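Notes follow once the structure below has been shown.
There are 2 protein chains.
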Amino acid sequence: MKAYSEMSKEELLKEKKSLEEAYKEYQKRGLKLNMARGKPSLEQVNLSLEMLTDVNPDTDMIVEDNVDVRNYGVIDGIYGAKQVIASMAKSEADHVIVFGNSSLNVMFDTVARGMIEGIQGNAPWYDCKDRKWLCPVPGYDRHFAITEHFGFEMINIPMNEDGPDMDMVEDLVSKDPSIKGIWCVPKYSNPGGVVYSEEVVKRFANLSPAAPDFRIFWDNAYAIHDLYEEVHLPDIFGYAITKGKQDMIFEFVSTSKVSFPGSGIAGIIASDNNLNEIRKSMAVQTIGHDKINQLRHAIFFANGAKLRAHMKKHADIIRPKFEVVEKVLGEELQHLDVGHFGVPKGGYFITYTTQPGCATRVVQLAKEAGMVLTGAGAPFPYKKDPEDSTIRIAPTYPTLEEIKVAAELFALCVRLATAEKFLEK
Amino acid sequence: MKAYSEMSKEELLKEKKSLEEAYKEYQKRGLKLNMARGKPSLEQVNLSLEMLTDVNPDTDMIVEDNVDVRNYGVIDGIYGAKQVIASMAKSEADHVIVFGNSSLNVMFDTVARGMIEGIQGNAPWYDCKDRKWLCPVPGYDRHFAITEHFGFEMINIPMNEDGPDMDMVEDLVSKDPSIKGIWCVPKYSNPGGVVYSEEVVKRFANLSPAAPDFRIFWDNAYAIHDLYEEVHLPDIFGYAITKGKQDMIFEFVSTSKVSFPGSGIAGIIASDNNLNEIRKSMAVQTIGHDKINQLRHAIFFANGAKLRAHMKKHADIIRPKFEVVEKVLGEELQHLDVGHFGVPKGGYFITYTTQPGCATRVVQLAKEAGMVLTGAGAPFPYKKDPEDSTIRIAPTYPTLEEIKVAAELFALCVRLATAEKFLEK
Numbered sequence: 003m004k005a006y007s008e009m010s011k012e013e014l015l016k017e018k019k020s021l022e023e024a025y026k027e028y029q030k031r032g033l034k035l036n037m038a039r040g041k042p043s044l045e046q047v048n049l050s051l052e053m054l055t056d057v058n059p060d061t062d063m064i065v066e067d068n069v070d071v072r073n074y075g076v077i078d079g080i081y082g083a084k085q086v087i088a089s090m091a092k093s094e095a096d097h098v099i100v101f102g103n104s105s106l107n108v109m110f111d112t113v114a115r116g117m118i119e120g121i122q123g124n125a126p127w128y129d130c131k132d133r134k135w136l137c138p139v140p141g142y143d144r145h146f147a148i149t150e151h152f153g154f155e156m157i158n159i160p161m162n163e164d165g166p167d168m169d170m171v172e173d174l175v176s177k178d179p180s181i182k183g184i185w186c187v188p189k190y191s192n193p194g195g196v197v198y199s200e201e202v203v204k205r206f207a208n209l210s211p212a213a214p215d216f217r218i219f220w221d222n223a224y225a226i227h228d229l230y231e232e233v234h235l236p237d238i239f240g241y242a243i244t245k246g247k248q249d250m251i252f253e254f255v256s257t258s259k260v261s262f263p264g265s266g267i268a269g270i271i272a273s274d275n276n277l278n279e280i281r282k283s284m285a286v287q288t289i290g291h292d293k294i295n296q297l298r299h300a301i302f303f304a305n306g307a308k309l310r311a312h313m314k315k316h317a318d319i320i321r322p323k324f325e326v327v328e329k330v331l332g333e334e335l336q337h338l339d340v341g342h343f344g345v346p347k348g349g350y351f352i353t354y355t356t357q358p359g360c361a362t363r364v365v366q367l368a369k370e371a372g373m374v375l376t377g378a379g380a381p382f383p384y385k386k387d388p389e390d391s392t393i394r395i396a397p398t399y400p401t402l403e404e405i406k407v408a409a410e411l412f413a414l415c416v417r418l419a420t421a422e423k424f425l426e427k
Numbered sequence: 003m004k005a006y007s008e009m010s011k012e013e014l015l016k017e018k019k020s021l022e023e024a025y026k027e028y029q030k031r032g033l034k035l036n037m038a039r040g041k042p043s044l045e046q047v048n049l050s051l052e053m054l055t056d057v058n059p060d061t062d063m064i065v066e067d068n069v070d071v072r073n074y075g076v077i078d079g080i081y082g083a084k085q086v087i088a089s090m091a092k093s094e095a096d097h098v099i100v101f102g103n104s105s106l107n108v109m110f111d112t113v114a115r116g117m118i119e120g121i122q123g124n125a126p127w128y129d130c131k132d133r134k135w136l137c138p139v140p141g142y143d144r145h146f147a148i149t150e151h152f153g154f155e156m157i158n159i160p161m162n163e164d165g166p167d168m169d170m171v172e173d174l175v176s177k178d179p180s181i182k183g184i185w186c187v188p189k190y191s192n193p194g195g196v197v198y199s200e201e202v203v204k205r206f207a208n209l210s211p212a213a214p215d216f217r218i219f220w221d222n223a224y225a226i227h228d229l230y231e232e233v234h235l236p237d238i239f240g241y242a243i244t245k246g247k248q249d250m251i252f253e254f255v256s257t258s259k260v261s262f263p264g265s266g267i268a269g270i271i272a273s274d275n276n277l278n279e280i281r282k283s284m285a286v287q288t289i290g291h292d293k294i295n296q297l298r299h300a301i302f303f304a305n306g307a308k309l310r311a312h313m314k315k316h317a318d319i320i321r322p323k324f325e326v327v328e329k330v331l332g333e334e335l336q337h338l339d340v341g342h343f344g345v346p347k348g349g350y351f352i353t354y355t356t357q358p359g360c361a362t363r364v365v366q367l368a369k370e371a372g373m374v375l376t377g378a379g380a381p382f383p384y385k386k387d388p389e390d391s392t393i394r395i396a397p398t399y400p401t402l403e404e405i406k407v408a409a410e411l412f413a414l415c416v417r418l419a420t421a422e423k424f425l426e427k
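In order, the protein sequence lines correspond to chains A and B. Position in the first sequence counted from 1, then plus 2, gives you the working numbering. Position in the second sequence counted from 1, then plus 2, gives you the working numbering.
The following block contains the structure:
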């Protein structure tokens, strides 16, 4: 079949009619598909079920240095849990604070601390009335929700194939002291699946921001979530330390997509200066996080040693799901000039980029045929996709059978929306 | 023996010399006692050990309305956990949000929300430069640390036998719109063990604060922690609702001293308006708290039904510890006019009130004989006890044998410090 861009109006009308008939057939099927949820499948969470019962109450309750996990104490996490988090981030346990179940909550609290207390002796961000935040796009909607919540003006930074546009990042942060931070998902970015290159990571580590309290929020959410071979993310702290810039970085990881979403552990990796400041504030906020759950993770993952083997099991479950989407989209769409998609080597998403102005329509068509997609615009600050062309596909949660149907229906919706758009011209 | 106040100088000198000799004998014993920690004993935390293994991963993972506790979802807690929290506070599950492991963290976050977002459409507290907070004293040091952290000027409110001085509370809050809240531990107050009377609770429920965003932080930390019969705390929400003032109250509870400190669940009880506002903010902060741990609590406590029986077991363990302290202090000190103490019917502390100016010296003497006491001043804002007379005794954690020795040493230190003080006059 011809590319849509090369079709005459008559050809497009004919194509559209044929697509509409096929679409009606889907509508008749009463489908209930959901490709919006970036969450592990049942099979995946069951990989960690043993964790729930393999802590022995009779023998395991006393850990390092006579810490009783049943009682109060230990503000920044038991050592075994620090090792799990450090192992995920290829760091050392001493550079880690372990928190509760949610890295999102840790990020929220980290911004809140900046807002009220200020960072390393600088004025609270609350007092910076034109505070701004850099947002590589497409990105993670919940990141943007946090900075919107705290009143930051969010500035879109385009993503390239090797990471954010660093010329733009360097230029902006060096000039504007009201820019206080940037969101980064440096490995398998949500939703583009981009891994930041050596060059990009080096340039991040060597930023010279006008704001002394500018911080890189390095959300390493998919640190060990490779679908194939392990992909190497360059070590931002290693580079930063050589320049004395390690205070500029907060790295976040969690086991939400390793053990249990909602019942995992989350951690921050940071410089001694930053960790000490956080501990001081934490000591007011809490007496400590859930050490028994930290212990479950330490035991199940053998203090981090068993993480990689565990993640291979995750990969084996979800790799076929990614591949079926890629196969269907490749076969159904690639020759039509209706858009393009990345083939991520890990993470939780595939991003499909339509012709400009088609994404909202694709999501609507899908919905009216029984398939929920992430809202068009969601991966952008204020939910505004300037091109209306980015769609996030989440293939991990449904079954393989559902995903095949979903991908076929998705391809149809893209074709129909594009034909409609081309006919408007 | 005569009361110290009736002794001549010679009699006091003789008494002091005799006490010093006894004190030296204690010093020689190389004691290591700790009466500072308001935490459950090993025997107590072991009451809940079964909770760690009685969730069946094969059969228990799907709860109400098809919620999978292994995966993301449910922002405000599973229903069974809400029932546990509601049962503690004699409320209803629909009035509850369940959080993570720490009610202190919930209180911190609640103040932080007031600081940055403002409460129910009012200006953020951050913008109120002379913001103030009422602090019934003696009180809980970690409460005061939160309001100090957020820059509130803290105003001491004297505690009477039936609760805070309500004339003073009513007068202050009705006049000053910069007073944004008050800390209350209404049942078995920390550290005085006071239970607020019907009259006091009614007056709280009927406050008419000048600040529309004034909030009562009703920390019901010892809601079900009776040592003897169940003591009734009047229902503040019941009274407030009749006046339409239910938005004025945030009630906090946790299972830290019911199941495991650090691995329990915490909850807030509030009006629909307040709960809705909190949920909105929570949705930015987290995807949800640990539902598996919530489920452990729901199962172990049979959705709250088994709480009272469980708390009787706690009481049986710690009641003798309170009683031995009370017996020793009664026998050793009551006839000497050196101070007085309350006999709490529940909670975690006994408060000893020395003659003015003696508390710091008692704590120092204890320390130099091998016994750690809570720092004098700790139960007051800015750690300043205006009378230097309040000492918090925490008898739950040590063994009964240790406590007997500790109480005897404590009595000796009080006598010696008081003799010294009287001789200065």
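Each residue gets a CB set at the ideal place from its N, CA and C atoms; glycine is no exception. Predicted model only: the values in this text are computed from it and were never measured.
- Around the beta carbon of residue 357/A, a 10 Å sphere encloses 16 or more other beta carbons of the protein chains shown; the residue is thus reported as buried.
- About 17 Å separates the CB atoms of residue 56/B and residue 64/B; that is not less than 8 Å, and the two are not in contact.
- Beta bridge pairing from DSSP links residue 52/B with no other residue.
- Annotation for residue 242/A: the continuous alpha helix (DSSP H) segment containing it runs 238-244.
- Of all alpha-carbon atoms in 348/B, 347/B, 355/B, 327/B, the one lying nearest the alpha-carbon of residue 339/B is that of 355/B.
- Bounds of the beta strand (DSSP E) holding residue 136/A are 134-139.
- For residue 133/A, same chain residues with a beta-carbon under 6 Å away, outside a window of 5 residues either side, are 127, 154, 180, 182 in chain order.
- Contact check between the region 109-118 of chain B and the region 160-167 of chain B: fewer than three CB pairs, one atom from each, fall below 8 Å, which does not count as touching.
- Between residue 32/B and residue 399/B, the C-beta gap is not smaller than 9 Å, which leaves the two residues out of contact.
- Taking 9 Å as the CB threshold, residue 107/B lines the interface with chain A.
- Your pair residue 82/B and residue 98/B does not check out as a contact, with CB atoms roughly 11 Å apart and the cut at 8 Å.
- The beta-carbon of residue 51/A is placed less than 9 Å from the nearest beta-carbon of chain B.
- It is roughly 12 Å from the alpha-carbon of residue 177/B to the alpha-carbon of residue 209/B.
- Under DSSP, the beta-bridge partners assigned to residue 256/B are 268/B.
- Contact between the region 204-224 of chain A and the region 243-255 of chain A is present, with at least three C-beta pairs closer than 8 Å.
- Take residue 322/A, set aside five residues on each side of it, and the residues of its chain with a beta-carbon closer than 8 Å to its own are 402, in chain order.
- Taking residue 344/B as the centre and dropping the five residues before and after it, the same chain places the C-beta of 194, 195, 196, 352, 353 closer than 8 Å to its C-beta, in chain order.
- Under DSSP, residue 152/B shares a beta bridge with no residue.
- For residue 182/A, no alpha helix (DSSP H) encloses it; the enclosing beta strand (DSSP E) starts and ends at 181-186.
- Just measuring C-alpha positions, the residue of 395/A, 52/A, 350/A sitting nearest residue 320/A is 350/A.
- If you compare the alpha carbons of 231/B, 122/B, 253/B, 118/B with that of residue 185/B, the shortest gap goes to 253/B.
- Comparing alpha carbon positions, the residue from 191/B, 240/B, 187/B closest to residue 220/B is 187/B.
- The count of Cβ pairs closer than 8 Å, one atom from the region 9-20 of chain B and one from the region 376-395 of chain A, stays below three, leaving the stretches out of contact.
- Linking residue 239/A to residue 91/A through their CA atoms gives a straight-line distance of about 11 Å.
- The contact set of residue 286/A on chain B, defined by CB atoms closer than 7 Å, consists of 110, 147, 148, 151 in chain order.
- Pairing residue 383/A with residue 139/A gives a Cβ-Cβ distance under 9 Å.
- If you check each beta-carbon in the region 47-79 of chain A against every beta-carbon of chain B, the ones closer than 7 Å belong to 47, 51, 54, 55, 57, 59, 72, 73, 74.
- When 9 Å is used as the limit between beta carbons, residue 42/A is near these residues of chain B: 72, 73, 74, in chain order.
- Residue 293/A is positioned such that its CB atom lies no closer than 9 Å to that of residue 261/B.
- Beta-bridge analysis with DSSP links residue 127/A to no other residue.
- The count of Cβ pairs closer than 8 Å, one atom from the region 299-318 of chain B and one from the region 43-60 of chain B, reaches three, so the stretches are in contact.
- Burial state of residue 43/A is buried, judged by a 10 Å Cβ sphere holding 16 or more other Cβ atoms.
- Residues of the region 112-141 of chain B whose Cβ lies closer than 7 Å to any Cβ of chain A, in chain order: 114, 117, 118, 128.
- The shortest C-alpha to C-alpha distance from residue 368/B to any of 278/B, 411/B, 337/B is the one to 411/B.
- Per DSSP, residue 353/B is not a residue of any alpha helix (DSSP H); the beta strand (DSSP E) it occupies stretches across 352-356.
- Under the three-state reduction of DSSP output, residue 221/B falls in the strand class.
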